[in-house]
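Number of protein chains: 2
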Amino acid sequence: MESYVQILGSSSAIPAWDRYMSAQFLNINGAHCLIDCGEGTQYQIKRFKVKASKIDYIFISHLHGDHYFGLPGLLSSFNLLGRERPMHIFGPSALRDVLLSINKASKVINSFPIYFTDTNPNRYETILETEFFSVHSFPLDHRIDCTGFLFKEAVGEHKLLADKLPEGFPYEYMRELKKGKPVKWQEKVFSPDDYTEPPAAPKAFAYCSDTAYTESLLPFIENVNLLYHEATFSKNDFERALKTRHSTTLQAATIAQKAKADKLLLGHFSIRYKSLEPLLTEAKSVFDNAYLAKEGGIFTI
Amino acid sequence: MESYVQILGSSSAIPAWDRYMSAQFLNINGAHCLIDCGEGTQYQIKRFKVKASKIDYIFISHLHGDHYFGLPGLLSSFNLLGRERPMHIFGPSALRDVLLSINKASKVINSFPIYFTDTNPNRYETILETEFFSVHSFPLDHRIDCTGFLFKEAVGEHKLLADKLPEGFPYEYMRELKKGKPVKWQEKVFSPDDYTEPPAAPKAFAYCSDTAYTESLLPFIENVNLLYHEATFSKNDFERALKTRHSTTLQAATIAQKAKADKLLLGHFSIRYKSLEPLLTEAKSVFDNAYLAKEGGIFTI
Numbered sequence: 176m177e178s179y180v181q182i183l184g185s186s187s188a189i190p191a192w193d194r195y196m197s198a199q200f201l202n203i204n205g206a207h208c209l210i211d212c213g214e215g216t217q218y219q220i221k222r223f224k225v226k227a228s229k230i231d232y233i234f235i236s237h238l239h240g241d242h243y244f245g246l247p248g249l250l251s252s253f254n255l256l257g258r259e260r261p262m263h264i265f266g267p268s269a270l271r272d273v274l275l276s277i278n279k280a281s282k283v284i285n286s287f288p289i290y291f292t293d294t295n296p297n298r299y300e301t302i303l304e305t306e307f308f309s310v311h312s313f314p315l316d317h318r319i320d321c322t323g324f325l326f327k328e329a330v331g332e333h334k335l336l337a338d339k340l341p342e343g344f345p346y347e348y349m350r351e352l353k354k355g356k357p358v359k360w361q362e363k364v365f366s367p368d369d370y371t372e373p374p375a376a377p378k379a380f381a382y383c384s385d386t387a388y389t390e391s392l393l394p395f396i397e398n399v400n401l402l403y404h405e406a407t408f409s410k411n412d413f414e415r416a417l418k419t420r421h422s423t424t425l426q427a428a429t430i431a432q433k434a435k436a437d438k439l440l441l442g443h444f445s446i447r448y449k450s451l452e453p454l455l456t457e458a459k460s461v462f463d464n465a466y467l468a469k470e471g472g473i474f475t476i
Numbered sequence: 176m177e178s179y180v181q182i183l184g185s186s187s188a189i190p191a192w193d194r195y196m197s198a199q200f201l202n203i204n205g206a207h208c209l210i211d212c213g214e215g216t217q218y219q220i221k222r223f224k225v226k227a228s229k230i231d232y233i234f235i236s237h238l239h240g241d242h243y244f245g246l247p248g249l250l251s252s253f254n255l256l257g258r259e260r261p262m263h264i265f266g267p268s269a270l271r272d273v274l275l276s277i278n279k280a281s282k283v284i285n286s287f288p289i290y291f292t293d294t295n296p297n298r299y300e301t302i303l304e305t306e307f308f309s310v311h312s313f314p315l316d317h318r319i320d321c322t323g324f325l326f327k328e329a330v331g332e333h334k335l336l337a338d339k340l341p342e343g344f345p346y347e348y349m350r351e352l353k354k355g356k357p358v359k360w361q362e363k364v365f366s367p368d369d370y371t372e373p374p375a376a377p378k379a380f381a382y383c384s385d386t387a388y389t390e391s392l393l394p395f396i397e398n399v400n401l402l403y404h405e406a407t408f409s410k411n412d413f414e415r416a417l418k419t420r421h422s423t424t425l426q427a428a429t430i431a432q433k434a435k436a437d438k439l440l441l442g443h444f445s446i447r448y449k450s451l452e453p454l455l456t457e458a459k460s461v462f463d464n465a466y467l468a469k470e471g472g473i474f475t476i
C-alpha cells in the first residue's frame, strides 16, 4: 500500500466553518503516525474510521493549543480502552510537563508506556529511524518554538528475479541480493544488477505546521513528494501573516516551487475565510499541483 | 426568561454514538454558566449556538479528563477572540496547576483575567453569591475528589401593585415595598402584603456529575426543581457501577425520589449502551418524571 496522509483538521486557532483543529494521520510504509492533535482529534478519528489503536507515533510541532489540546483526551481514551502497546511521542519538552500535571491531577495510572522524545527547535535532527521509515525535525519560524517534520520511507528491498537464478541457489544469498549486495556462489559472482530489480524510490513527506515564510527550511524539504505547508492567510492579508508569523498562500506556493516538491497541500486556514477555493486559486498561480487539506481528504505521498 | 439547562455532552469517559463528553450550559436568572467542559465543548457550543461570550462562570466537578479537557481550548478561543470580561472558574485546586503549565508552554498572555476558586471536596460550601443566584458545592463519592453543585436562584423582588398606592407615593418607598419591607408614609403603614404580590419561589438545580450511590448528598439537594444525576450504567451493570464509583439508573432515580426532586435528568452514559431508551425506562420505574440528557436538549428548571 502506498504511503498516504489523511487530514483530520485544517483550521487555525479556533474551530469554524465545520473545520477542526490541526491533525493529520500518516500511514508511511505501513507504520501509523499522528501529526499534531488539536482538540477534537479523537472525534475526527472516529468519524473517518482511522484505526487509532494502530497509531504508534505522535508528533507535536509546537505548544499552541490548536496543535495539541486533543492529545490528553486521546491518550486518556487509549488508556480506558486498555491499550498495552507503547506510544512514542515527539514534541517540545514542555509538553512532558503538561502531560505530567494532567496525569497527576487525574491520579490515573496509564495502562501503556509512553516514550517521550524532546524535539530540538534550533536545528535539524533525526528523531526516529525504523526498518520502515525515518523522521527528522527542523526549525520553523513561528512565535514560539516550533518544528517541522520530514518523514522518509526507508529504501525498500530489491525485487528478486528468481527465474534467472540457477537451481539450488542458496536462500541466504537471495537475501543478500535483495539487499542489493553482490554474492559469489560456485565460483561465479552474481550481481544485483543482473538478478534483481531495484526498489522503488523511497517517498518523502514534509509537514510545516505554523511558520512565517522562510527559505531556511528549503534544504530540509528539497524534492519531497508531498509538502504540507500552512497557508493561514490569503495573499491580501500579507501584513497579518507577517505579524503573526504565519504564511500566505503565495508564500506556501513559493516554498513548494523552490523546494521542487511534487505536490503541495495547503492548510491551517484562518477562520476569516469561509470558502477556501479562492485560496487554492492564489496558490495555483505560483505552484499548480496544489490541494486544499480538507477534513477527511486522503493524499498519497 | 425561565432558568434552563442545555446539554452539550452526555457521554462518559470516551466519545461514542455521536455523544460528546460531559458539559452543560446553564442560564440561571440571566447569568450564563458552563458546568463541566469535556473535550469538544467549544464545538458543541458553536453547534447549538450558545452565546459563549456571555459565559462568566465555569464549574468543574473533578479532574477526570472527560469533564475538563475542553477547558484549555475554550479559554484559548476566548483569548484569540479578544475577550476582556473576567472569567470565574471554580474547581479542584490541581486544575489551576494544569492551566498554568499549559499557559507556560504556550507563552500566551491572556486577554482577560481569570479568577480561580478552589472547591472543597470534603464539605458543603457556598462558593458564589450574586444578586441573581448562588452556587454551593458538596462532596460526591467518586474515585477521586469530586464535587456536586447546587445552583439556586436568588429570591426575586415583590411585584408592586402600583394602582393601589396613593398619588405622590415616594419612589424610594416603592423600592422598599418591592424588597418586601413595610414602610410608613404620611402617618400610615404600608405593608407589602397589601401593596405587592410576592415573588415567584426561587428555583434550584443540582448537578451530580460522577458519583456512586450515596444518600449523604440528600440534605444538599432536597426539593430541587431539577436534579441532574449521573446514570452511567443500567441496573444490570450494578457491580460495575459499584466498582467504578458510578451509579445505575435505579440508583439515580432513588436519589431523585428520596430528595423529593421535581424532575430528574439522567446522563454520563457508558459507551456500552447505544440506545438509551431502556435506561430511561429503568429509571421511570422508580421516578416517573425522568428525562435523558441528550445533546442539545433544553430543560427548564
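In order, the protein sequences belong to chains A and B. Residues in the first sequence are numbered from 176 upward in steps of one, following the working numbering. Residues in the second sequence are numbered from 176 upward in steps of one, following the working numbering. C-beta: ideal position from N, C-alpha, C; glycine also.
query, result
"Short CB-CB distance (under 9 Å) between residue 447 (chain A) and chain B", "no"
"Contact residues within the segment 227-261 of chain A, judged by C-beta distance below 8 Å to chain B", "238, 239, 240, 241, 244, 245, 247, 248, 251, 252, 255 and 256"
"Residue 217 (chain A), enclosing beta strand (DSSP E) - first and last residue", "Unbroken run through residue 217 (chain A) is the alpha helix (DSSP H), 216-222; no beta strand (DSSP E)."
"Residue(s) in a DSSP beta bridge with residue 322 (chain B)", "B:314"
"Within 9 Å of chain A by C-beta, residues of the segment 453-466 of chain B in sequence order", "none"
"Separation of residue 331 (chain A) from residue 249 (chain B), as counted between CA atoms", "45 Å"
"DSSP three-state assignment for residue 349 (chain B), whether helix, strand or coil", "helix"
"Nearest neighbour of residue 274 (chain A), chosen from A:243, A:260, A:297 and A:220 [CA to CA]", "A:243"
"Segment contact, 8 Å Cβ cut-off, at least three pairs: the segment 408-423 of chain A with the segment 442-458 of chain A", "yes"
"Continuous alpha helix (DSSP H) assignments of at least 4 residues falling wholly in the segment 185-240 of chain A", "216-222"
"Whole-angstrom C-beta distance between residue 265 (chain A) and residue 301 (chain A), which should lie under 8 Å", "Not confirmed; about 11 Å, so no contact."
"Range of the contiguous alpha helix (DSSP H) that encloses residue 430 (chain A)", "424-433"
"Chain B contact residues for residue 270 (chain A), given Cβ-Cβ distances below 9 Å", "280"
"Closer than 9 Å to chain A by CB, residue 416 (chain B)", "no"
"Short Cβ contact (9 Å threshold) for residue 233 (chain B) with residue 240 (chain A)", "no"
"Cβ shell of residue 319 (chain B) (< 8 Å), same chain only, five flanking positions each side left out", "237, 238 and 239"
"Residue(s) in a DSSP beta bridge with residue 328 (chain A)", "A:308"
"Sufficient close CB pairs (3 or more, under 8 Å) joining the segment 398-407 of chain A to the segment 365-381 of chain A", "yes"
"Sequence-distant residues of the same chain with beta carbon closer than 8 Å to residue 366 (chain A), five excluded per side", "357"
"Residues from the segment 301-325 of chain A in contact with chain B, defined by Cβ distance under 7 Å", "319"
"Residue 443 (chain B) and residue 416 (chain B) closer than 9 Å at C-beta", "no"
"Pick from B:177, B:368, B:224 and B:390 that is closest to residue 183 (chain B), judged by C-alpha positions", "B:224"
"Residues that DSSP places opposite residue 264 (chain A) in a beta bridge", "A:233 and A:291"
"Beta-bridge partners of residue 408 (chain A), as assigned by DSSP", "A:423"
"Residue range of the unbroken beta strand (DSSP E) whose run includes residue 356 (chain A)", "Run containing residue 356 (chain A): none; DSSP gives neither H nor E here."
"Residue from A:285, A:199 and A:334 with nearest C-alpha to residue 355 (chain A)", "A:334"
"Cβ shell of residue 180 (chain A) (< 6 Å), same chain only, five flanking positions each side left out", "199, 201 and 474"
"Simplified DSSP state of residue 273 (chain B), which is helix, strand or coil", "helix"
"Sheet register partners of residue 438 (chain A) (DSSP bridge)", "A:401"
"Candidates B:229, B:283, B:221 and B:376, of which the one nearest residue 247 (chain B) by Cα", "B:283"
"Pick from A:431, A:396, A:187 and A:178 that is closest to residue 420 (chain A), judged by C-alpha positions", "A:187"
"Reduced DSSP category for residue 414 (chain A) - H, G, I as helix; E, B as strand; rest coil", "helix"
"Neighbourhood of residue 268 (chain A) by C-beta distance below 6 Å, restricted to the same chain and skipping five residues each side", "293"
"At least three beta-carbon pairs within less than 8 Å, the segment 313-329 of chain A to the segment 200-218 of chain A", "yes"
"Residue 195 (chain B) versus residue 215 (chain B): straight-line alpha-carbon distance, rounded", "7 Å"
"Whether residue 317 (chain B) touches residue 299 (chain B) by CB criterion (9 Å)", "no"
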